[in-house]
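Undergrad: First the structure, which I've put down as structure tokens, then a few questions once you've had a look.
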Amino acid sequence: MLTELMFFGCGAALGAAVLWLVFRKRLSGEEAAVLRTKLELAEEHHEKLAEEKQKFVEQMQEKMGDSFKAMSQEALNANRETFLALAKEKLKQSQDDALHDLDKRHKAIQELVKPVSDSLEKMDQKIGVLEKERQNAYGELKQYLSSMKLDQEKLRGETASLVQALRSPSQRGQWGELQLKRTLEMAGLVKGVHYEEQVTVKGEGLHQRPDVVVKMPGGQSIVIDAKVPLDAYLDSLKDGISEEERMRALDRHAAHVRARIKELSSKAYWEQFDTPEFVVMFLPGESYFSAALERDPSLLEAGIDHRVLPASPTTLISLLKAVSYGWRQEKLAQNAQEISMLGKDLYKRLAVFGGHMHKVGKGIAGAMSSYNQAVGSLERNVFSAARKFDALEVTTDQTQLPDLDPLDQSPRPLLSEDIKTTLPDAAPADDTEDDGAEEPPKKARKKA
1 MLTELMFFGC GAALGAAVLW LVFRKRLSGE EAAVLRTKLE LAEEHHEKLA
51 EEKQKFVEQM QEKMGDSFKA MSQEALNANR ETFLALAKEK LKQSQDDALH
101 DLDKRHKAIQ ELVKPVSDSL EKMDQKIGVL EKERQNAYGE LKQYLSSMKL
151 DQEKLRGETA SLVQALRSPS QRGQWGELQL KRTLEMAGLV KGVHYEEQVT
201 VKGEGLHQRP DVVVKMPGGQ SIVIDAKVPL DAYLDSLKDG ISEEERMRAL
251 DRHAAHVRAR IKELSSKAYW EQFDTPEFVV MFLPGESYFS AALERDPSLL
301 EAGIDHRVLP ASPTTLISLL KAVSYGWRQE KLAQNAQEIS MLGKDLYKRL
351 AVFGGHMHKV GKGIAGAMSS YNQAVGSLER NVFSAARKFD ALEVTTDQTQ
401 LPDLDPLDQS PRPLLSEDIK TTLPDAAPAD DTEDDGAEEP PKKARKKA
């Protein structure tokens with residue numbers, strides 16, 4: 001502000017000098033020189049004044065800055081102390097309030113957290129149990145995987161050995177016959193009872209021997225052949241072959257199966273055995289049949305046309321189960337016939353025994369009749385006269401003649417009409433049973 005006033009004063013002086021010079025153009029040269037000299041002196045003086053004023057202004061600015069800084073610092077310190085005091089007071093009050101409510105809040109929090117804590121504790125226990133079970137299960141799983149790995153390696157080795165063994169026609173034939181035998185046993189058939197092996201048939205220059213002949217109820221039979229070529233199928237299982245080579249091997253396998261169907265059809269086993277007009281071609285593995293059908297879906301129709309039924313173990317078991325069921329029904333029929341014969345024989349024996357009992361009853365009835373007649377005669381003819389001695393007081397002791405009662409019950413008759421008809425001399429039986437029948441009246445004694 002002061003600097004601006006100084007500049008303003010200097011400018012006003014210069015302006016006045018310029019105006020004075022303008023209005024005094026006509027002054028003399030001396031006056032102009034004097035004026036110039038004065039003007040120069042005035043300018044020098046003005047410059048000195050300006051410098052002094054500048055120094056003064058700078059000093060005043062410096063002093064005012066220091067004063068402002070000091071006053072600002074004092075005000076800031078005062079405000080800070082006031083703020084800190086107020087903040088401390090508020091903080092202390094808040095701490096007191098917080099400490100006052102801390103116990104209540106702590107209790108409330110404990111009540112809220114207690115169920116969670118209990119649940120977490122139970123969960124920890126369960127997690128511990130689960131972890132223990134997991135470790136046990138992991139150990140068992142690890143052991144099981146190790147065992148499975150060993151079994152897989154063993155199975156791989158056995159499979160390789162089996163594939164190598166099946167390359168031999170004789171061993172392949174024995175293996176197929178063994179699989180067929182196991183299939184027959186699983187179906188519930190017994191060798192020598194329900195089927196025969198290697199049955200030789202001769203006739204008209206033919207010498208045939210099918211692998212198995214299954215007997216059927218009624219005297220018929222089913223012929224089963226287990227000789228199926230598997231070389232091409234085993235070629236498809238080789239390691240390192242391409243997919244195209246594997247498909248070609250399976251095509252050869254299907255062609256071999258078709259050729260075997262035609263070969264079995266030419267043997268016409270149904271002409272040498274009492275059998276339905278077909279023969280069963282047994283393939284000892286599900287994969288053998290499915291692989292052949294996959295490459296040649298018409299194999300089943302070709303087999304039916306040539307009276308040859310291709311059968312895997314599952315299909316053959318279904319067929320043999322039907323045969324086994326027929327044998328069970330045949331056995332039940334035989335048992336029913338034997339039971340019928342035993343029943344007839346038992347009935348005949350019961351009829352004979354009933355006849356004997358009927359004769360015994362007649363004899364007992366005759367004896368009872370004779371007894372009653374004898375009692376009546378004794379009462380009428382003997383005791384009536386003997387009791388007269390009592391009236392004459394002949395006897396001196398107290399001995400009395402006993403009362404003889406007649407027998408008033410008769411033997412129970414046999415009511416079966418079937419038994420009575422087996423006895424030509426049987427007397428008619430009384431239809432009234434003893435239970436609930438009226439007792440016959442006693443015979444009156446004759447008094448002396």
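The sequence shown lines up with residues 1 to 448 when you count with the working numbering.
Every residue gets a Cβ at the ideal spot worked out from N, C-alpha and C, and that includes glycine.
State the beta-bridge partners of Ser-221 as determined by DSSP.
TA: In the sequence shown, residue 221 corresponds to position 221, counting from 1. In the DSSP output, where bridge partners are listed per residue, Ser-221 has Lys-215.
Undergrad: What is the DSSP secondary structure of Lys-154, counted as helix, strand or coil?
TA: To locate residue 154, count along the sequence shown from 1; it is residue 154. Helix at Lys-154.
Undergrad: Should Gln-220 and Arg-209 be called a contact, given that it needs their Cβ atoms to be closer than 9 Å?
TA: Residue 220 sits at position 220 when you count from the first residue of the sequence shown. Residue 209 sits at position 209 when you count from the first residue of the sequence shown. Cβ distance not < 9 Å, so Gln-220 and Arg-209 don't count as in contact.
Undergrad: How many Å lie between Ser-324 and Asp-231 at the Cα?
TA: Along the sequence shown, read from residue 1 onward, the residue named residue 324 stands at position 324. Along the sequence shown, read from residue 1 onward, the residue named residue 231 stands at position 231. Distance between the alpha carbons of Ser-324 and Asp-231: 34 Å.
Undergrad: Does the Cβ-Cβ distance between Leu-316 and Ala-187 come in under 9 Å?
TA: What you label residue 316 is simply residue 316 of the sequence shown in a count that begins at 1. What you label residue 187 is simply residue 187 of the sequence shown in a count that begins at 1. Yes, these two residues count as a Cβ contact at 9 Å.
Undergrad: Applying the criterion that 16 or more other CB atoms from any shown protein chain within 10 Å of the CB defines a buried residue, is Arg-380 buried or exposed?
TA: In the sequence shown, the residue the question calls residue 380 occupies position 380. It is exposed - the Cβ of Arg-380 has fewer than 16 other Cβ atoms within 10 Å.
Undergrad: Among Lys-262, Ile-339, Ala-333, which one has its Cα closest to the Cα of Arg-304?
TA: Along the sequence shown, one-based indexing puts residue 304 at 304. Checking the displayed sequence, the identity of residue 304 turns out to be Ile instead of Arg. The residue with the shortest Cα to Cα distance from Ile-304 is Lys-262.
Undergrad: Excluding the five sequence neighbours on either side, which residues of its own chain have a C-beta within less than 7 Å of the C-beta of Asp-390, listed in chain order?
TA: Counting from one through the sequence shown, the residue named residue 390 turns up at place 390. Once the five neighbours on either side are set aside, Asp-390 has no close Cβ partner at all.
Undergrad: How big is the Cα-Cα spacing for Phe-83 and Gln-95?
TA: In the sequence shown, counting from the first residue as 1, residue 83 sits at position 83. In the sequence shown, counting from the first residue as 1, residue 95 sits at position 95. Using only the alpha carbons, I get a separation of about 18 Å.
Undergrad: Could you compute how far the alpha carbon of Lys-469 sits from the alpha carbon of Gly-139?
TA: One cannot answer for residue 469 here, as it falls past the ends of the chain, which runs 1 to 448.
Undergrad: Does the Cβ-Cβ distance between Phe-282 and Gly-128 come in under 9 Å?
TA: Here residue 282 refers to the residue found at position 282 of the sequence shown. Here residue 128 refers to the residue found at position 128 of the sequence shown. It is not a contact, given that the beta carbons lie outside the stated cut-off.
Undergrad: Straight-line CA distance for Lys-122 to Lys-114?
TA: Counted from its first residue, the sequence shown places residue 122 at position 122. Counted from its first residue, the sequence shown places residue 114 at position 114. Cα to Cα, Lys-122 sits roughly 12 Å from Lys-114.
Undergrad: With distance defined between alpha-carbon atoms, name the residue in Thr-200, Tyr-288, Arg-246 nearest to Phe-273.
TA: Looking up residue 273 in the sequence shown gives position 273. Checking every option, the nearest Cα to that of Phe-273 belongs to Thr-200.
Undergrad: State the CB to CB distance for the pair Pro-313 and Thr-183, rounded to an integer number of angstroms; the pair is presumed to be in contact (CB under 8 Å).
TA: As a first step, residue 313 must be located in the sequence shown, where it is residue number 313. As a first step, residue 183 must be located in the sequence shown, where it is residue number 183. Pro-313 to Thr-183, Cβ: 5 Å. Contact.
Undergrad: Give the secondary structure of Leu-309 by DSSP, where H, G and I count as helix, E and B as strand, and everything else as coil.
TA: Locating residue 309 in the sequence shown gives position 309, counting from the first residue. Reduced to three states, the DSSP call for Leu-309 is strand.
Undergrad: In the structure shown, what three-state DSSP assignment does Glu-196 receive?
TA: In the sequence shown, residue 196 corresponds to position 196, counting from 1. The answer is strand: DSSP assigns Glu-196 an E or B state.
Undergrad: Looking at the strands, I want to know which residues DSSP matches up with Phe-282.
TA: Taking the sequence shown and counting its residues from 1, the one referred to as residue 282 is at position 282. According to DSSP, Phe-282 bridges with Ala-311.
Undergrad: Kindly indicate which residue of Trp-327, Ala-108, Met-148 has the alpha-carbon position closest to the one of Pro-217.
TA: Your numbering for residue 217 matches position 217 in the sequence shown. The option with the nearest alpha carbon to Pro-217 is Trp-327.
Undergrad: For His-106, which residues in the same chain have their Cβ closer than 6 Å to its Cβ, ignoring the five residues on either side in sequence?
TA: Here residue 106 refers to the residue found at position 106 of the sequence shown. Cβ within range, chain order: n/a, list empty.
Undergrad: Would you say Leu-150 and Leu-320 are within 9 Å of each other, going by their C-beta atoms?
TA: Reading the sequence shown from its first residue, position 150 is the one you call residue 150. Reading the sequence shown from its first residue, position 320 is the one you call residue 320. Taking 9 Å as the Cβ cut-off, Leu-150 and Leu-320 do not qualify as a contacting pair.
Undergrad: Whose C-beta lies closer than 7 Å to the C-beta of Ala-427 among residues of the same chain, with five residues either side of it excluded?
TA: Residue numbering aside, residue 427 sits at position 427 when the sequence shown is read from its first letter. Per-residue confidence for Ala-427 stands at a pLDDT of 41, beneath the threshold of 50, marking its modelled position as unreliable; the derived number appears in the next sentence. The residues are Lys-362.
Undergrad: For Arg-295 versus Asp-235, is the C-beta distance shorter than 9 Å?
TA: The residue labelled residue 295 in the question sits at position 295 within the sequence shown. The residue labelled residue 235 in the question sits at position 235 within the sequence shown. Not in contact: Arg-295 and Asp-235 (Cβ atoms no closer than 9 Å).
Undergrad: Please state the DSSP three-state secondary structure of Lys-191.
TA: Translated into the one-based positions of the sequence shown, residue 191 becomes position 191. Correct three-state label for Lys-191: strand.
Undergrad: Does Gln-373 come out as helix, strand or coil in the three-state DSSP assignment?
TA: Along the sequence shown, one-based indexing puts residue 373 at 373. Of the three classes helix, strand and coil, the one that applies to Gln-373 here is helix, per DSSP.
Undergrad: Taking 7 Å as the limit between beta carbons, can you name the residues of its chain near Ser-265, skipping five residues before and five after?
TA: Your numbering for residue 265 matches position 265 in the sequence shown. Only His-306, Arg-307, Val-308 meet the Cβ criterion.
Undergrad: In whole angstroms, what separates the C-alpha of Glu-196 from that of Ile-224?
TA: Within the sequence shown, numbered from 1, the residue matching residue 196 stands at position 196. Within the sequence shown, numbered from 1, the residue matching residue 224 stands at position 224. Straight-line Cα distance between these residues: approximately 10 Å.
Undergrad: Would Ala-302 and Tyr-233 be called neighbours here (beta carbons separated by less than 9 Å)?
TA: Along the sequence shown, one-based indexing puts residue 302 at 302. Along the sequence shown, one-based indexing puts residue 233 at 233. In this structure, Tyr-233 does not lie closer than 9 Å to Ala-302 by Cβ.
Undergrad: Going by DSSP in three states, Gln-208 sits in which element: helix, strand or coil?
TA: The sequence position of residue 208 within the sequence shown is 208, counting from 1. Three-state result, Gln-208: strand.
Undergrad: How would you call Phe-353, buried or exposed, if buried means at least 16 neighbouring beta carbons within 10 angstroms?
TA: Along the sequence shown, read from residue 1 onward, the residue named residue 353 stands at position 353. Exposed: under 16 other Cβ atoms inside 10 Å.
Undergrad: Using CA coordinates, which residue listed in Met-357, Gly-355, Pro-406, Ala-385 is at the minimum distance from Gln-373?
TA: To locate residue 373, count along the sequence shown from 1; it is residue 373. Gln-373 has its Cα closest to that of Pro-406, out of Met-357, Gly-355, Pro-406, Ala-385.
Undergrad: Out of curiosity, what's the CA-to-CA distance linking Leu-378 and His-356?
TA: Translated into the one-based positions of the sequence shown, residue 378 becomes position 378. Translated into the one-based positions of the sequence shown, residue 356 becomes position 356. Approximately 33 Å between the Cα atoms of the pair.
Undergrad: Please report how far the alpha carbon of Pro-424 lies from the alpha carbon of Lys-191, in whole angstroms.
TA: Translated into positions along the sequence shown, residue 424 becomes position 424. Translated into positions along the sequence shown, residue 191 becomes position 191. Reliability fails at Pro-424, whose pLDDT of 47 lies under 50, so the model's placement of it is uncertain and the value that follows must be treated cautiously. The alpha-carbon atoms of Pro-424 and Lys-191 are separated by roughly 55 Å.
Undergrad: Please state the DSSP three-state secondary structure of Ser-410.
TA: Here residue 410 refers to the residue found at position 410 when the sequence shown is read from its first residue. Of the three classes helix, strand and coil, the one that applies to Ser-410 here is coil, per DSSP.
Undergrad: If you measure between the beta carbons of Asp-288 and Val-228, is that distance less than 9 Å?
TA: Along the sequence shown, one-based indexing puts residue 288 at 288. Along the sequence shown, one-based indexing puts residue 228 at 228. In the sequence as displayed, the identity of residue 288 is Tyr instead of Asp. The answer is yes: Cβ separation under 9 Å.
Undergrad: Pop quiz: Ser-410 and Met-341 are said to be a contact at Cβ under 8 Å. What is the actual Cβ separation, rounded to whole angstroms?
TA: Here residue 410 corresponds to residue number 410 of the sequence shown, with the count starting at 1. Here residue 341 corresponds to residue number 341 of the sequence shown, with the count starting at 1. Contact doesn't hold; Cβ gap of about 38 Å is too wide.
Undergrad: Taking just the CA atoms, how far does Gln-337 sit from Lys-344?
TA: Your numbering for residue 344 matches position 344 in the sequence shown. Your numbering for residue 337 matches position 337 in the sequence shown. When rounded, the distance between both Cα atoms is 11 Å.
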